[in-house]
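There are 2 protein chains.
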Amino acid sequence: MTDRTHVCGELNEAHIDEEVRLQGWVRRRRDLGELIFLDIRDRSGYVQTVFNAEISREAHRAAEDVRNEFVVEVRGVVRKRDEENVNEKIATGKIEVVAEELTILNKAKALPFQIEDDVEITEDVRLKHRYLDLRRPYMTDTMYLRHRTTKLIRDILDEQRFMEVETPILTKSTPEGARDYLVPSRVHEGSFYALPQSPQLFKQLLMVSGFERYYQIARCFRDEDLRADRQPEFTQVDIEASFMGKEDLLAMMEEMMARIVKEVKGAEIERPFPRLTYYEAMERFGSDKPDLRFGMELVDVSEIVKDSGFKVFASTVERGDVVKGINIKGVAGRYSRKDLDDLSSFAEIYGAKGLAWVKVEDGGTLKGPIAKFFDEAKAAELVKAFDAEADDVLMFVADKQRVAWDVLGNLRNKFAKELDLIDSGEFNFLWITEFPLLSYDEDSGRYVAEHHPFTRPVEEDIPKLTEAPEEVRAEAYDLVFNGYELGGGSQRIFERDLQENMFRALGFSDEEAVSQFGFLLDAFEYGTPPHGGIALGLDRLVMILAERTNLRDTIAFPKTASASDLMTNAPDTVSDEQLQELKLKVTAKKE
Amino acid sequence: MTDRTHVCGELNEAHIDEEVRLQGWVRRRRDLGELIFLDIRDRSGYVQTVFNAEISREAHRAAEDVRNEFVVEVRGVVRKRDEENVNEKIATGKIEVVAEELTILNKAKALPFQIEDDVEITEDVRLKHRYLDLRRPYMTDTMYLRHRTTKLIRDILDEQRFMEVETPILTKSTPEGARDYLVPSRVHEGSFYALPQSPQLFKQLLMVSGFERYYQIARCFRDEDLRADRQPEFTQVDIEASFMGKEDLLAMMEEMMARIVKEVKGAEIERPFPRLTYYEAMERFGSDKPDLRFGMELVDVSEIVKDSGFKVFASTVERGDVVKGINIKGVAGRYSRKDLDDLSSFAEIYGAKGLAWVKVEDGGTLKGPIAKFFDEAKAAELVKAFDAEADDVLMFVADKQRVAWDVLGNLRNKFAKELDLIDSGEFNFLWITEFPLLSYDEDSGRYVAEHHPFTRPVEEDIPKLTEAPEEVRAEAYDLVFNGYELGGGSQRIFERDLQENMFRALGFSDEEAVSQFGFLLDAFEYGTPPHGGIALGLDRLVMILAERTNLRDTIAFPKTASASDLMTNAPDTVSDEQLQELKLKVTAKKE
Numbered sequence: 386m387t388d389r390t391h392v393c394g395e396l397n398e399a400h401i402d403e404e405v406r407l408q409g410w411v412r413r414r415r416d417l418g419e420l421i422f423l424d425i426r427d428r429s430g431y432v433q434t435v436f437n438a439e440i441s442r443e444a445h446r447a448a449e450d451v452r453n454e455f456v457v458e459v460r461g462v463v464r465k466r467d468e469e470n471v472n473e474k475i476a477t478g479k480i481e482v483v484a485e486e487l488t489i490l491n492k493a494k495a496l497p498f499q500i501e502d503d504v505e506i507t508e509d510v511r512l513k514h515r516y517l518d519l520r521r522p523y524m525t526d527t528m529y530l531r532h533r534t535t536k537l538i539r540d541i542l543d544e545q546r547f548m549e550v551e552t553p554i555l556t557k558s559t560p561e562g563a564r565d566y567l568v569p570s571r572v573h574e575g576s577f578y579a580l581p582q583s584p585q586l587f588k589q590l591l592m593v594s595g596f597e598r599y600y601q602i603a604r605c606f607r608d609e610d611l612r613a614d615r616q617p618e619f620t621q622v623d624i625e626a627s628f629m630g631k632e633d634l635l636a637m638m639e640e641m642m643a644r645i646v647k648e649v650k651g652a653e654i655e656r657p658f659p660r661l662t663y664y665e666a667m668e669r670f671g672s673d674k675p676d677l678r679f680g681m682e683l684v685d686v687s688e689i690v691k692d693s694g695f696k697v698f699a700s701t702v703e704r705g706d707v708v709k710g711i712n713i714k715g716v717a718g719r720y721s722r723k724d725l726d727d728l729s730s731f732a733e734i735y736g737a738k739g740l741a742w743v744k745v746e747d748g749g750t751l752k753g754p755i756a757k758f759f760d761e762a763k764a765a766e767l768v769k770a771f772d773a774e775a776d777d778v779l780m781f782v783a784d785k786q787r788v789a790w791d792v793l794g795n796l797r798n799k800f801a802k803e804l805d806l807i808d809s810g811e812f813n814f815l816w817i818t819e820f821p822l823l824s825y826d827e828d829s830g831r832y833v834a835e836h837h838p839f840t841r842p843v844e845e846d847i848p849k850l851t852e853a854p855e856e857v858r859a860e861a862y863d864l865v866f867n868g869y870e871l872g873g874g875s876q877r878i879f880e881r882d883l884q885e886n887m888f889r890a891l892g893f894s895d896e897e898a899v900s901q902f903g904f905l906l907d908a909f910e911y912g913t914p915p916h917g918g919i920a921l922g923l924d925r926l927v928m929i930l931a932e933r934t935n936l937r938d939t940i941a942f943p944k945t946a947s948a949s950d951l952m953t954n955a956p957d958t959v960s961d962e963q964l965q966e967l968k969l970k971v972t973a974k975k976e
Numbered sequence: 386m387t388d389r390t391h392v393c394g395e396l397n398e399a400h401i402d403e404e405v406r407l408q409g410w411v412r413r414r415r416d417l418g419e420l421i422f423l424d425i426r427d428r429s430g431y432v433q434t435v436f437n438a439e440i441s442r443e444a445h446r447a448a449e450d451v452r453n454e455f456v457v458e459v460r461g462v463v464r465k466r467d468e469e470n471v472n473e474k475i476a477t478g479k480i481e482v483v484a485e486e487l488t489i490l491n492k493a494k495a496l497p498f499q500i501e502d503d504v505e506i507t508e509d510v511r512l513k514h515r516y517l518d519l520r521r522p523y524m525t526d527t528m529y530l531r532h533r534t535t536k537l538i539r540d541i542l543d544e545q546r547f548m549e550v551e552t553p554i555l556t557k558s559t560p561e562g563a564r565d566y567l568v569p570s571r572v573h574e575g576s577f578y579a580l581p582q583s584p585q586l587f588k589q590l591l592m593v594s595g596f597e598r599y600y601q602i603a604r605c606f607r608d609e610d611l612r613a614d615r616q617p618e619f620t621q622v623d624i625e626a627s628f629m630g631k632e633d634l635l636a637m638m639e640e641m642m643a644r645i646v647k648e649v650k651g652a653e654i655e656r657p658f659p660r661l662t663y664y665e666a667m668e669r670f671g672s673d674k675p676d677l678r679f680g681m682e683l684v685d686v687s688e689i690v691k692d693s694g695f696k697v698f699a700s701t702v703e704r705g706d707v708v709k710g711i712n713i714k715g716v717a718g719r720y721s722r723k724d725l726d727d728l729s730s731f732a733e734i735y736g737a738k739g740l741a742w743v744k745v746e747d748g749g750t751l752k753g754p755i756a757k758f759f760d761e762a763k764a765a766e767l768v769k770a771f772d773a774e775a776d777d778v779l780m781f782v783a784d785k786q787r788v789a790w791d792v793l794g795n796l797r798n799k800f801a802k803e804l805d806l807i808d809s810g811e812f813n814f815l816w817i818t819e820f821p822l823l824s825y826d827e828d829s830g831r832y833v834a835e836h837h838p839f840t841r842p843v844e845e846d847i848p849k850l851t852e853a854p855e856e857v858r859a860e861a862y863d864l865v866f867n868g869y870e871l872g873g874g875s876q877r878i879f880e881r882d883l884q885e886n887m888f889r890a891l892g893f894s895d896e897e898a899v900s901q902f903g904f905l906l907d908a909f910e911y912g913t914p915p916h917g918g919i920a921l922g923l924d925r926l927v928m929i930l931a932e933r934t935n936l937r938d939t940i941a942f943p944k945t946a947s948a949s950d951l952m953t954n955a956p957d958t959v960s961d962e963q964l965q966e967l968k969l970k971v972t973a974k975k976e
């Protein structure tokens, strides 16, 4: 096979009268008898070729046999299209190739779906024939966007003297965090490797090594029950730096995001990014990953309603809980009483016992089931607190602070989507800071790390680590992009004694800490520099940039919600010999 | 902590009188009483700081407490060193920093070994404290060389419009090739994922998708008994292209190698690289990865010796085997009769029954145990065939062709090393082509693929696939660098029927082929373009460029020969709960 002379999508008027040899797929075929038109497609785009029996009978005859998605080679000459046939919509629309020779390189049988963006197919069919699904323009484009984004991240980090280091995939199982994928060892019978949930320990050890600036586009693994936006293996942009303060790190990440958005979306974004403390984000938006492209902030009305006639509200405040609400602007006419009452079941998902609402009418009058409990003065106070006007709907949750946050935060997102309040052309980044270091886990009856056990406490809170662990704030920062948590980072503990205190706060005995993390504790005693870092979800970044909502669309060969690969049929049973070599027995019953 | 103002290694005369704040490790400490000198090191290099009690008593006192490898911050002023104290050997040797303030950021206890290149330590100690081993200059340099090499490869492939695509790590076990690492599935009880030995199938499927040019710096896994130059996980530069002929691919790879050698070693290499067919390489050098930086070619003397008086040689030729030899120049005086006789045990490793030798004396006389079997005419013929002169030693193997190749190929390398014939400043690349497609495996009693089952046969040999499989040549090419196999590639089969024939030649039933590779066979029917690709061992490339012989020195956190990580102690036992969740039982006896 001779090489092609040109790629399809780049042919234009400059090539007129040139002889070209193209190789690609038949995108579309139109047979007008004496004339057959084949659109030939390759990765660069497509071009129209014309087979005229008067020019080459043989080529015309060959063109009669081809079908969509055949792989062909076409030799011919570029010519200008007649004025009436010019297609301004495509790059090659002013020319066509008059074909003199056609070679079929490979045939294609009827496809399970068309190679077009707008086809109705189930995701299972797409995943089973992923190699065809990826042939569709928007999937190819998304993979190319992923490539460009990754390349840009590497270039920026390289400029900043970060060094890419590969860390092991076969590593050790640790009890913290999510469930590990295990890999049985054949050499060490009865022992297992674990696939890494992140390169956290290795990147910190590279700081001990004095590498100062490390990065890796790292594959990570979690054996969790999958939700729509989770995958058993995912990719993270993993960064760690020594002698680099939090401000420098955050500024660098902001520059990275700005350059990516500029390059990929052609848009400018403002820097520095806004910052909210965790508490402020929860209080104002009911979320630690708020989407700031719309308002609808939470309002605390506990003070107003505590002495109102509505006993449910008053008693909530009395027992130390809160009454909070949001104002959904200009929708009183749109939602019926039943619509609004039905939202209670939405509230229950997030743990609330119910949801109260009032509509605001002309002159600030309240209307609705609980309106009667508020006298004119209280009503005016509420209207003022919510900055409300006629046709607004106020929704209230009276509950524990966390429940109020959750319900209203989710309600806020729900209405923003329903009312189309979000400008999809806007790119909104912000940082969330001052997370709690620990939270109390009712199930296990102990404190767990909100980020991970290596996160540094805020300096002034360190003394509280033993006495009041829940009050300790972390030197941690999450990056939020359009309402998604894009990633998070922190300054790290780098002193053995502080790390030991942290493990104790997490309920580790000293023996457990040494048995699991002894090598890290040891390393901290050999001259470990102050360091910190961040990790971003690459799949999610690409998903947002590609304006998609399905994480699987950003991964070439993803797995289903049950962690299966429908194309290769993985996981699968293995031979008895393989299990015997590993000294393993499957105790599951055969189906 | 305030950020540093400068990095240590870049301070020079331009900074004289500037106030600087440095952060790094104490590389060396010299205490002269009133003056204390601390060399401060960071990734960029190191600089001398001086603590003078008369300038700052407090800083001087603090300097009394520091020890090697403490992490410190030093504030001070750069000044010119006195003429007699200038150190031309280091970049910062003309200046020093007069310290005004010292802060200890972290202490270091006594290290298990010094942070220097030339320390005597066992590899086990290095691996256990890998974070300290990596702190040694040559290890840091090697990791940086790896980073630069990787970055350059990505840049070159990006320029050539290759697209990086990540393929799965959790995939399906296939019976071909080496032993798979398995990962039990929790969701699908009794089923397993396998870690990929290479992304071969996925990259071919991306060609079916029309991606045209794919690459990945891919982690691969093989559960094999390890040799010195193998690791359970390794990294390969994985490349695949459609509509790109072999010549274009090879030329691109040659350019890539030239740019890497230029960038990393500052050397020019000649292109195009020489090519040898597999047969020629074996005949001339006894190896399919010959080092061409020295000669000592194999000479076939079967024709000369077949009617000589030496029955061992004559009968070997008679039964269809060969007598081949090499000429080791100018060493007759260096090796005793016993030295040369002892080489027989070396020959036996490679399957020979023995090794014969003669020394060449003045006037072309032969001397040695078998010299008497050759009359003057035969002796002259041998001397001519080997282009021999006085003081040369000729070594012979009379055996099957493959044994003769193996013994003499290895003997050639052994003597090159022993006699120091290799110029380590030379970089020798070549291609080996026309490998056999299949070889007969005595153990399993069937043919196995020399490269892999997806390698394309040479077009004219395709008809022999059924009748004479061992005669079929592959469209495959190996890249050899300084006598190491750096990688290999091939054009691929892209037609279902040819792929099915290949599986049959490998002894697969049609059912087995479909059950294991059905998705690939299916994919081939939907318009698969002609394609080919290559994979290079990144670890090995870095090893050669870094002029090392231990593959582990190129990997940040490698495993030992028994596939253990001595630092984290992986693999390790896991909890019963973990095994129960996976429905697995370990049948190995506890130690």
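As you go down the protein sequences, you meet chains P and H in turn. Under our numbering, the residues of the first sequence are numbered 386 to 976, in order. Under our numbering, the residues of the second sequence are numbered 386 to 976, in order. Idealized CB from N, CA, C, for every residue including glycine. Here the structure is a predicted model, which is why all the values come from computation and not from measurement.
Counterpart residues of residue i in DSSP-defined beta bridges
i              : result
A626 (chain P) : P:R598 and P:G917
T556 (chain P) : P:A579
P838 (chain H) : None; P838 (chain H) has no bridge partner.
Proximal residues to residue i (C-beta, below 7 Å), its chain only, five neighbours per side dropped
i              : result
Y869 (chain H) : K674, R925 and I929
I506 (chain P) : F498
R389 (chain H) : R406, L407 and Q408
Per-residue burial, residue i [other beta carbons within 10 Å of its own, 16 or more giving buried]
i              : result
G595 (chain H) : buried
Q601 (chain P) : buried
I645 (chain H) : buried
D518 (chain P) : buried
E425 (chain H) : First, the residue type needs correcting, since residue 425 (chain H) is Ile and not Glu in the sequence shown. Burial call: buried.
V504 (chain H) : exposed
K474 (chain P) : exposed
T851 (chain H) : exposed
Any non-hydrogen atom of the ligand ADP closer than 6 Å to residue i Cβ
i              : result
H391 (chain H) : Inclusion of the ligand ADP in the displayed structure is not the case, the ligand content being empty and no account of it being possible.
Residue i versus residue j: straight-line alpha-carbon distance, rounded
i              : j              : result
A737 (chain P) : R937 (chain H) : 57 Å
F695 (chain P) : S730 (chain P) : 21 Å
M681 (chain H) : L725 (chain H) : 17 Å
Cβ-based neighbour list, residue i, same chain, cut-off 6 Å, excluding 5 preceding and 5 following
i              : result
D608 (chain H) : R564 and Y566
Residues near residue i by beta carbon distance below 8 Å, same chain, minus five either side
i              : result
E703 (chain H) : K691
V471 (chain P) : G478 and K479
Could you tell me whether the region 909-917 of chain H touches the region 515-531 of chain H, where touching means 3 or more Cβ pairs closer than 8 Å?
-> They do not touch, by the three-pair rule.
Can we say the region 553-568 of chain H touches the region 568-583 of chain P, given the rule of at least three CB pairs closer than 8 Å?
-> Contact between the region 553-568 of chain H and the region 568-583 of chain P is established, with three or more Cβ pairs separated by less than 8 Å.
Is there contact here, the region 759-774 of chain H with the region 784-804 of chain H, by at least three beta-carbon pairs under 8 Å?
-> In short, these stretches do not touch, since the Cβ pair count stays below three.
Would you call the region 947-956 of chain P and the region 646-659 of chain P touching, i.e. three or more CB-CB distances under 8 Å?
-> Fewer than three beta-carbon pairs drawn from the region 947-956 of chain P and the region 646-659 of chain P are found closer than 8 Å, and the two stretches are therefore not classed as touching.
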